[in-house]
Amino acid sequence: MTPSLLMKHLQRYLQEITKDMFLGPLRLPLNIYLVDLPARATPEYEENDYGTDIQPAETTLPEERDERWPYISVVFLGPAEDNDEGYRTLNMDFIFGCEGLGPDGYMDVLHLMEFVRASFLRETYEGWPARLSLPLSMGFHEEQADPYWTGYMTTTWEMPSIEQEVWKNGY
Numbered sequence: 000m001t002p003s004l005l006m007k008h009l010q011r012y013l014q015e016i017t018k019d020m021f022l023g024p025l026r027l028p029l030n031i032y033l034v035d036l037p038a039r040a041t042p043e044y045e046e047n048d049y050g051t052d053i054q055p056a057e058t059t060l061p062e063e064r065d066e067r068w069p070y071i072s073v074v075f076l077g078p079a080e081d082n083d084e085g086y087r088t089l090n091m092d093f094i095f096g097c098e099g100l101g102p103d104g105y106m107d108v109l110h111l112m113e114f115v116r117a118s119f120l121r122e123t124y125e126g127w128p129a130r131l132s133l134p135l136s137m138g139f140h141e142e143q144a145d146p147y148w149t150g151y152m153t154t155t156w157e158m159p160s161i162e163q164e165v166w167k168n169g170y
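For what it's worth, numbering that gives the first Met the number 0 labels the leading residue of the sequence shown as 0, then goes sequentially.
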């Protein structure tokens, strides 16, 4: 099992457990991303013919809702470490983002982090390519841009290590 396969497995798992969850003031469904948020969709605009070669500078986009929020992003943090006990450890981060004014956005992120944490702790991991190793740590980023709130959860996963093959007759 590779880190990328575990990330995809976690993405599918998060999509399944949060499929009935709606967050924010508009009660929007949750988006699950790998690594980072995708580029934001830009609004359509019309080219105006001003009769000159120089067009006025329009540096701002109209106020529109960011369609990427709310979200969970699954991020592989660093190198997988093999140990002598026959398994390797992988560090994964989960970035949580919700939209809401004041304490509403904060509480949505907190609820989402606790929901995922409880789901991970209840899971038996039967048939999974890896299992969760304790402890789980989570928190909020120090700086927040109201109405967008973000938090994180850091996890460690154990998976079987690759076994060395025995060479016989040069093969």
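Positions of the beta carbon are idealized from the N, C-alpha and C atoms, including for glycine.
{"Item": "Nearest-angstrom Cα separation, counted from ASN168 out to ILE71", "Value": "51 Å"}
{"Item": "DSSP bridge partner residues for GLY150 (one or two, in chain order)", "Value": "PHE95 and PHE139"}
{"Item": "Between the CA atoms of ARG11 and LEU27 - distance to the nearest angstrom", "Value": "19 Å"}
{"Item": "Residue span of the beta strand (DSSP E) that contains TYR32, given as start and end", "Value": "30–33"}
{"Item": "C-beta contact flag for MET6 and PHE75 at 8 Å", "Value": "yes"}
{"Item": "CB contact flag (TYR147, GLU113, <8 Å)", "Value": "no"}
{"Item": "Range covered by the alpha helix (DSSP H) that runs through TYR12", "Value": "2–16"}
{"Item": "The region 83–90 touching the region 105–125, judged by at least three CB pairs closer than 8 Å", "Value": "no"}
{"Item": "Close Cβ partners of PRO24 (< 8 Å) along its chain, the five nearest in sequence each way excluded", "Value": "GLU98, GLY99, LEU100 and ASP103"}
{"Item": "DSSP state of GLU113 mapped onto helix, strand, coil", "Value": "helix"}
{"Item": "Host beta strand (DSSP E) of TYR70 (start-end)", "Value": "70–75"}
{"Item": "Bridge partner(s) assigned by DSSP for MET158", "Value": "ARG87"}
{"Item": "Inter-residue spacing [alpha-carbon to alpha-carbon] between GLU66 and GLN163", "Value": "47 Å"}
{"Item": "Coil, strand or helix - ARG121 by DSSP", "Value": "helix"}
{"Item": "Whole-angstrom distance between PHE119 and GLU125, CA atom to CA atom", "Value": "12 Å"}
{"Item": "Reduced DSSP category for ASP145 - H, G, I as helix; E, B as strand; rest coil", "Value": "coil"}
{"Item": "Classification of TRP166 by the beta-carbon crowding that lies within 10 angstroms, buried from 16 upward", "Value": "exposed"}
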